[in-house]
Amino acid sequence: MSATVLIGAQWGDEGKGKVTDILAQNSQVVVRSQGGNNAGHTIDINGVVYKLHLLPSGILNPKTLCIIGNGVVIDPKALIDEINQMVDMGLSVDNLKIDPRAHVIMPYHIKLDEMSENIRGTSKIGTTKRGIGPCYADKAQRSGIRMHELICAKTFEQKVRQNIELNNKLIQLVYGGEPIDANTVIKEYGEYAKILAPYVEDTTALLYNSIKSKKEVLFEGAQGTLLDIDLGTYPFVTSSHPTSGGACVGAGIGPTLIDNCIGIAKAYTTRVGKGPFPTELLDETGELIRQKGNEFGTTTGRPRRCGWFDTVILKYSVRTSGLTKMVVNKLDTLSGIGNLKICTGYKINDDIITEFPADLPTLELCSPIYEEFDGWDDDISNVKSFAGLPEAAKRYINRIEQLCSVPVWMIGVGPDRNQNIIR
Ligand code: GDP
Ligand code: IMO
Ligand code: MG
0 MSATVLIGAQ
10 WGDEGKGKVT
20 DILAQNSQVV
30 VRSQGGNNAG
40 HTIDINGVVY
50 KLHLLPSGIL
60 NPKTLCIIGN
70 GVVIDPKALI
80 DEINQMVDMG
90 LSVDNLKIDP
100 RAHVIMPYHI
110 KLDEMSENIR
120 GTSKIGTTKR
130 GIGPCYADKA
140 QRSGIRMHEL
150 ICAKTFEQKV
160 RQNIELNNKL
170 IQLVYGGEPI
180 DANTVIKEYG
190 EYAKILAPYV
200 EDTTALLYNS
210 IKSKKEVLFE
220 GAQGTLLDID
230 LGTYPFVTSS
240 HPTSGGACVG
250 AGIGPTLIDN
260 CIGIAKAYTT
270 RVGKGPFPTE
280 LLDETGELIR
290 QKGNEFGTTT
300 GRPRRCGWFD
310 TVILKYSVRT
320 SGLTKMVVNK
330 LDTLSGIGNL
340 KICTGYKIND
350 DIITEFPADL
360 PTLELCSPIY
370 EEFDGWDDDI
380 SNVKSFAGLP
390 EAAKRYINRI
400 EQLCSVPVWM
410 IGVGPDRNQN
420 IIR
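Residue numbers for the sequence shown follow numbering that gives the first Met the number 0, beginning at 0 and rising by one.
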């Protein structure tokens with residue numbers, strides 16, 4: 000029995016939902032530890048597609064305890080909509096627990112997210128406009144509202160009036176927007192509080208006891224290494240910690256309680272939103288990957304930017320999250336693309352760089368150094384073993400493994416629960 004952290008090893012959308020769902024079938028507990036409904040996790044079970052944003056992907060297994068940890072930011076309306084969606088599909092959410100310390104996304108967070116993006120003009124971050132950044136900013140500024148405050152009517156009203164007074168000044172005087180009405184928010188959120196109150200419980204204690212009693216515990220990642228507010232391509236990042244350290248803080252458990260850390264990658268690279276992307280393909284090959292891989296955002300529907308697999312990024316994920324193994328998803332998307340490339344380093348003038356740069360100006364100067372590989376045309380979406388893959392696909396995976404110095408434990412050849420090769 001063990002505690003396993005899953006993280007996105009690139010810029011998000013690596014197929015974390017699918018892998019979480021697969022592992023959750025043998026886990027007693029699944030935890031979301033950071034981010035909010037900026038995440039979009041797709042799970043495909045025999046053609047039925049579930050799109051989850053806030054609920055842990057373990058929710059599809061009725062016996063799995065699902066935890067929304069202290070590090071998550073919660074839009075109560077979005078969460079209730081998702082709970083209702085599950086119930087409508089005949090699934091139970093009785094096994095959901097929400098930590099009282101998790102912060103609440105308020106209407107002014109969503110408004111400020113949108114307005115601050117608009118004012119940035121050409122230097123937009125390309126956020127999901129879900130209020131994530133402003134909510135984490137309030138948390139850091141110590142003016143945020145936590146779940147235990149949402150469900151305590153008197154405290155909630157007091158804090159909302161105080162926060163709305165201040166935020167309305169910002170909305171009106173700085174951004175020239177319409178103010179938010181405190182009474183409307185208090186009434187609306189009061190209803191959400193009644194629905195969510197039964198789920199609120201100290202999940203840090205629950206989790207500690209689960210790990211100590213040798214239960215199988217899975218920390219579901221959201222976003223990816225390069226969206227980490229400290230380690231990612233700042234400022235084109237999210238406002239939380241998608242790396243493995245974030246799982247500890249965001250779930251309230253110490254690092255010695257974690258046994259494994261699995262990095263999820265795609266067989267190529269994608270990114271939604273703005274910011275540098277050294278291996279981006281702006282040609283027809285990029286378009287082909289986008290169409291074949293259906294690379295359009297689960298949360299916002301935006302086209303994802305596509306490019307070659309980048310081992311500089313993967314090695315950065317290996318060291319910043321202490322990865323013990325890797326999953327490479329969507330190998331099937333590369334069938335029929337033609338010759339393939341893997342980035343092994345970057346070049347700045349005559350210098351060769353093999354570590355991911357710490358600052359954007361340096362990253363922007365980097366041009367990728369590639370190794371070329373033969374492609375394959377065979378449909379691999381029903382292949383069940385590594386030995387059954389075309390030789391060119393085996394060579395591609397083996398080289399990734401060699402360059403990243405971490406075993407590729409699972410290979411995704413389709414979106415379904417069963418379209419995976421486990422080695
Ligand atoms: P997440 O945010 O990391 O959970 O990933 P998303 O769900 O946003 O995006 C991954 C997309 O790829 C989803 O539509 C998945 O159904 C799909 N997917 C996952 N693994 C595979 C795979 O191995 N092959 C194919 N073709 N699709 C996959
Ligand atoms: P999952 O869990 C991909 C990106 C946004 C934007 C930046 C900041 O599905 O992998 P935010 O709304 O968080 O302030 O936006 O982060 N972003 C994601 N990109 N997958 C995600 O989640 C993302 N969550 C945030 O596109 O560039
Ligand atoms: Mg996603």
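By construction, the Cβ of each residue, glycine as well, lies at the ideal position given by its N, Cα and C atoms.
Asked, Found
"Residues bridged to P302 [DSSP beta-bridge criterion]", "F295"
"The segment 96 to 113 / the segment 143 to 150 touching (three or more Cβ pairs under 8 Å)", "yes"
"Backbone secondary structure at G344 - three-state DSSP", "strand"
"DSSP state of P254 mapped onto helix, strand, coil", "helix"
"The segment 224 to 233 in contact with the segment 46 to 56 per 3-pair CB rule at 8 Å", "no"
"Element boundaries [alpha helix (DSSP H), containing E148]", "M146 to L149"
"Reduced DSSP category for S239 - H, G, I as helix; E, B as strand; rest coil", "coil"
"Residues that DSSP places opposite P367 in a beta bridge", "Y345"
"Ranges of the beta strand (DSSP E) found wholly within the segment 155 to 218, counting only runs of at least 3", "none"
"Neighbourhood of Q33 by C-beta distance below 7 Å, restricted to the same chain and skipping five residues each side", "G70, V71, A221, S239, H240, P241, G245 and G249"
"Any non-hydrogen atom of the ligand ATP closer than 7 Å to T297 Cβ", "In the structure shown, the ligand ATP is absent; the only ligands present are the ligand GDP, the ligand IMO and the ligand MG."
"Distance between V412 and Q418 (C-alpha atoms, nearest Å)", "5 Å"
"Chain-order list of residues whose beta-carbon lies under 6 Å from that of V236 (same chain, five-residue window excluded)", "L226 and I228"
"Cβ-Cβ distance between A266 and L333 below 8 Å", "yes"
"heavy atom of the ligand MG below 7 Å from P12 C-beta", "For the record, residue 12 in the displayed sequence is Asp; it is not Pro. Because some heavy atom of the ligand MG lies under 7 Å away, the Cβ of D12 counts as near it: yes."
"CA-to-CA distance, Y135 to L111, given in whole angstroms", "12 Å"
"Cutoff 8 Å; reference I179; Cβ partners in own chain excluding five residues on either side", "P106, Y107, K110, I163, N166, N167 and I170"
"Beta-carbon spacing of K346, S366 below 8 Å", "yes"
"Pair within 8 Å by beta-carbon distance, L78 and L195", "yes"
"Beta carbon of T353 nearer than 8 Å to that of F308", "no"
"beta-carbon Q33 near the ligand GDP non-hydrogen atom, thresh 7 Å", "no"
"Three-state secondary structure assigned by DSSP to G108", "First, the residue type needs correcting, since residue 108 is His and not Gly in the sequence shown. Reduced to three states, the DSSP call for H108 is helix."
"Length at least 3, wholly inside the segment 8 to 34: the beta strand (DSSP E) runs in chain order", "28 to 31"
"Residue of M325, V28, G68 and A152 minimising C-alpha distance to N60", "V28"
"beta-carbon G262 near the ligand MG non-hydrogen atom, thresh 7 Å", "no"
"Under the three-state DSSP convention, the category S80 falls into", "Reading off the sequence shown, one finds Asp at residue 80, where the question assumed Ser. D80 falls in the helix class under three-state DSSP."
"Per-residue DSSP class, three states only, for M88", "coil"
"Length of the line joining the Cα atoms of K324 and K393", "17 Å"
"Cβ-based burial, G132 [other Cβ within 10 Å; buried from 16]", "buried"
"Residues that Y49 bridges to, as DSSP identifies them", "I42"
"Option nearest V199 by Cα separation, candidates R100, K153 and K17", "R100"
"Residues near V30 in its chain [Cβ-Cβ closer than 6 Å; skip 5 each side]", "I66, G68, F218 and A250"
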